[in-house]
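K.L.:
Numbering (my numbering), first residue to last: 205 to 522.
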Amino acid sequence: MPRPTSSALGVLAVVAGSLLFAVNGTVAKLAMDAGLGPTRLVELRCLGSAVVLVAAALVVSPRRLRPTSRREVAVLALLGVVGVALVQWFYLVAISRLPVGLALLIEYTAPLIVALWARFVFREQVRERVWWALAACLAGLTLVAQVGDDVTLDAVGLLAAVGASVALATYYLLGDRLLTTRDPLTTHAWSLGFAALFWVVLQPLWTFPTSTLGSDVPVPGTALDPPMWVFVVWIILLGTVAPYLMFLVGIQRVGAARAGLLGMVEPVAASATAWVVLGESMTPVQLVGGAVVIGGVILAETARSGRDRAMLPDTVAT
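#1: Taking only three categories from DSSP, how would you classify Asp-358?
#2: Let's see if you can read the secondary structure: which residues bound the alpha helix (DSSP H) around Val-445?
#3: Going along the chain, which unbroken runs of the alpha helix (DSSP H) with 4 or more residues stay wholly within the region 395 to 466?
#4: How big is the Cα-Cα spacing for Val-481 and Ala-474?
#5: Could you check where the alpha helix (DSSP H) with Val-285 kicks off and where it finishes?
#6: Going straight from the alpha carbon of Gly-214 to that of Leu-363, what length do you get?
#7: Contact between the region 455 to 474 and the region 373 to 390 is defined here as three or more beta-carbon pairs at a separation below 8 Å; is this criterion met?
#8: With a 10 Å radius around its C-beta and 16 neighbouring C-beta atoms as the bar for buried, classify Tyr-212 as buried or exposed.
#9: Do three or more CB pairs link the region 238 to 254 to the region 392 to 404 at distances below 8 Å?
#10: Would you identify the three-state DSSP class for Pro-315, choosing helix, strand or coil?
#11: Leaving aside the five residues before and after Trp-433 along the sequence, list all residues of the same chain whose C-beta is less than 8 Å from its C-beta, in chain order.
#12: Are the CB atoms of Gly-367 and Ala-460 nearer to each other than 9 Å?
#13: Does DSSP put Arg-386 in a helix, a strand or coil?
#14: In terms of residues, what are the limits of the alpha helix (DSSP H) holding Ala-260?
#15: Measuring CA to CA, which of Trp-336, Gln-292, Leu-216, Leu-257 is closest to Val-497?
#16: With a threshold of 9 Å between beta carbons, is Met-468 in contact with chain C?
#17: Could you give the C-beta distance for Val-318 and Ala-373, rounded to a whole number, given that I count them as a contact under 8 Å?
#18: Out of Ala-400, Leu-345, Gly-443, Gly-494, state which residue places its alpha-carbon closest to the alpha-carbon of Lys-233.
#19: Tell me which residue opens and which closes the alpha helix (DSSP H) that Thr-230 is part of.
#20: What is the residue span of the alpha helix (DSSP H) that Ser-273 lies within?
#21: Locate the alpha helix (DSSP H) running through Thr-477, then write down its first and last residues.
#22: Could you tell me if Val-291 is buried or exposed, where buried requires 16 or more neighbouring beta carbons within 10 angstroms of its beta carbon?
#23: Taking the straight line between their C-alpha atoms, what separation do you get for Val-469 and Asp-420?
#24: Per the contact definition of three or more C-beta pairs closer than 8 Å, is the region 235 to 249 in contact with the region 421 to 432?
#25: When we look at the beta-carbon of Arg-462 and count the other beta-carbons within 10 Å, is it buried (16 or more) or exposed?
#26: Pick from Gly-221, Trp-394, Gln-490, Pro-413: whose alpha carbon is nearest that of Pro-271?
#27: Taking C-alpha atoms, which residue in Val-231, Leu-342, Phe-412, Leu-409 lies nearest to Asp-429?
#28: Might you give, ordered along the chain, the residues of its own chain that have their beta carbon closer than 8 Å to the beta carbon of Leu-377, omitting 5 neighbours on each side?
#29: Taking all protein chains shown into account, do 16 or more other C-beta atoms lie within 10 angstroms of the C-beta of Pro-266, making it buried, or fewer, making it exposed?
#30: Looking at the structure shown, is Thr-487 part of a helix, part of a strand, or coil, going by DSSP?
#31: For Pro-447, I'd like the list of residues in its chain whose CB is within less than 6 Å of its CB, leaving aside the five on either flank, ordered along the chain.
#32: Going by Cα to Cα distance, which pick from Phe-412, Val-436, Leu-282, Leu-491 is closest to Gly-229?
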């Protein structure tokens, strides 16, 4: 299908999706602190999202849901297992062994992988300002993560964080490729379906501790203590279905490389959300780092005015 040309809508979709992902990190942390295991939370997240998305696709565009070839099914499965399920699993392993900020810093080298892939594999032109923008974003994330502040490095944690970065880059690249022939809704439905299947095979549903869904989850700074299932519904709808769909809409309109750069606002927004809700204060250095990341994203975006619109590849599809 032809690639939509509404660049502004694509930018808005990626930024909105990043903000929802950022808020979801705090919501998920509250749920896990209240007793829901991280791998079980990911399983519910993928399974619930798959049910919602497949149902929506059957109502909105049932014909488009049908795969066109076995090869497309294989690519969709790869997107779901690697680009969705493994991103989440690698990230959970990483934050269990490393500081969250450091894990996010390593994971968000994914846009660099995308830019390198576009330049050296697809032989596309990537203008010099992209590398400066990436360098600014990574430097800013380093400040946000406070790398070097009594950080104890763990080999397994580092490998998991690198795995999350590669898996996230795979999501950007495969998503961009699929969206040349398939719409975001059905692509999202298939990818979450395969991710859900992956987790259900690893953790059969009959072994799920259903009693945890009724437990209360206190919200810091308020008198609220809603049941766990409310948080799970939030995570499914606003932490998975909506942001992943927004990212695919964004990738379809602005390409994988730009979407990766724009997505770098997520760690900054996640730190700010944890600051407001969980009281995890941000130091002046972290605030400066957040400003540097935003500056890097703006640098990349302003480079696309006029003749510089060729700065980033609009597609990496083969």
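We put the CB at the ideal spot given by N, CA and C, even for glycine.
Keep in mind the model is a prediction, meaning the values are calculated, not measured.
P.N.:
So, from the data block:
#1: coil
#2: Segment: none, Val-445 is in no alpha helix (DSSP H) and carries neither H nor E.
#3: 432 to 440, 446 to 466
#4: 10 Å
#5: First-last for Val-285: undefined, no H or E at that position.
#6: 32 Å
#7: yes
#8: Rather than Tyr, the amino acid found at residue 212 in this sequence is Ala. So Ala-212 ends up on the exposed side.
#9: yes
#10: helix
#11: Leu-417, Gly-418
#12: no
#13: coil
#14: 242 to 264
#15: Trp-336
#16: Although the question refers to chain C, the structure presented lacks it and comprises just one protein chain.
#17: 5 Å
#18: Gly-443
#19: 211 to 237
#20: Element bounds for Ser-273: n/a, residue is neither H nor E.
#21: 469 to 481
#22: buried
#23: 31 Å
#24: yes
#25: buried
#26: Trp-394
#27: Val-231
#28: Val-318, Trp-321, Ala-460, Val-520
#29: exposed
#30: coil
#31: Gly-221, Leu-224, Phe-225
#32: Val-436
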